[in-house]
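Numbering (the working numbering), first residue to last: 59 to 189. For each residue, glycine too, the CB sits at the ideal point set by N, CA and C. This report concerns only the one structure given below.
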Amino acid sequence: MNLNFKMSELIYSETAIENNINNMPDINSLDNMLDLIVFCLQPVRNLLNVPMIITSGFRCKKVNELVGGVDTSQHLTGQAVDFIPNEMSIENAIFKIQTSNIEYDQLINEYDRWVHISYNKGKNRRQNLKY
Numbered sequence: 059m060n061l062n063f064k065m066s067e068l069i070y071s072e073t074a075i076e077n078n079i080n081n082m083p084d085i086n087s088l089d090n091m092l093d094l095i096v097f098c099l100q101p102v103r104n105l106l107n108v109p110m111i112i113t114s115g116f117r118c119k120k121v122n123e124l125v126g127g128v129d130t131s132q133h134l135t136g137q138a139v140d141f142i143p144n145e146m147s148i149e150n151a152i153f154k155i156q157t158s159n160i161e162y163d164q165l166i167n168e169y170d171r172w173v174h175i176s177y178n179k180g181k182n183r184r185q186n187l188k189y
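Okay, structure coming up:
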């Protein structure tokens, strides 16, 4: 299987760098990130057939606090990413994902600025939200 994503993309954080915070995930979060890439992100990338710019992936607790994330954020466990599809509207990307058979836990249109998608192995709800 060809993968278009690297773990480093999901760990990278401007906020962590600016605040000298170690944003390295634990082994369980790394495992969740691998599942997210293989079972969710790559299928979405194949479906949309456009590059996806990851704007936020894993967040340690301190980074999550600094960016205003909630305590229950799946970013904290490596189960969620925010992305912008290149050359495609957020609405169109969301629609394509919703009408596909791709497994996901939450799919959120966040302010028509980015897509939040999460994957929770064995517990996916296919929940769709818009903020």
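Euclidean distance between Cα positions of residue i and residue j
{"i": "Gln-185", "j": "His-174", "result": "11 Å"}
{"i": "Ser-158", "j": "Cys-118", "result": "31 Å"}
{"i": "Ser-71", "j": "Ile-112", "result": "10 Å"}
{"i": "Leu-187", "j": "Glu-145", "result": "22 Å"}
{"i": "Asn-86", "j": "Ser-131", "result": "15 Å"}
{"i": "Asp-129", "j": "Phe-153", "result": "28 Å"}
{"i": "Asn-122", "j": "Gln-164", "result": "18 Å"}
{"i": "Arg-171", "j": "Ser-114", "result": "13 Å"}
{"i": "Leu-92", "j": "Lys-179", "result": "11 Å"}
Sub-9 Å separation of residue i and residue j beta-carbons
{"i": "Ile-155", "j": "Met-110", "result": "no"}
{"i": "Tyr-177", "j": "Asn-90", "result": "yes"}
{"i": "Leu-94", "j": "Leu-68", "result": "yes"}
{"i": "Gly-136", "j": "Leu-88", "result": "yes"}
{"i": "Arg-103", "j": "Asn-62", "result": "yes"}
{"i": "Asn-77", "j": "Lys-120", "result": "yes"}
Nearest residue (CA-CA) to residue i, options the options
{"i": "Ala-74", "options": "Phe-97, Val-125, Ile-152, Ile-95", "result": "Val-125"}
{"i": "Leu-106", "options": "Ser-147, Glu-76, Lys-179", "result": "Ser-147"}
{"i": "Asn-80", "options": "Gly-180, Arg-183, Phe-116, Val-139", "result": "Phe-116"}
{"i": "Met-59", "options": "Asn-78, Asn-77, Phe-97", "result": "Phe-97"}
{"i": "Arg-183", "options": "Lys-64, Met-82, Met-65, Ile-160", "result": "Ile-160"}
Run of the alpha helix (DSSP H) containing residue i, from where it starts to where it stops
{"i": "Asp-89", "result": "85-94"}
{"i": "Ile-155", "result": "148-156"}
{"i": "Gln-132", "result": "Element bounds for Gln-132: n/a, residue is neither H nor E."}
Residue interval of the beta strand (DSSP E) (run including residue i)
{"i": "Phe-141", "result": "138-143"}
{"i": "Glu-168", "result": "164-168"}
{"i": "Gln-185", "result": "185-188"}
{"i": "Ser-176", "result": "172-176"}
{"i": "Ser-114", "result": "110-114"}
Any non-hydrogen atom of the ligand SAH within 8 Å of residue i CB
{"i": "Pro-83", "result": "Absent from the structure shown: the ligand SAH. Ligands present: none."}
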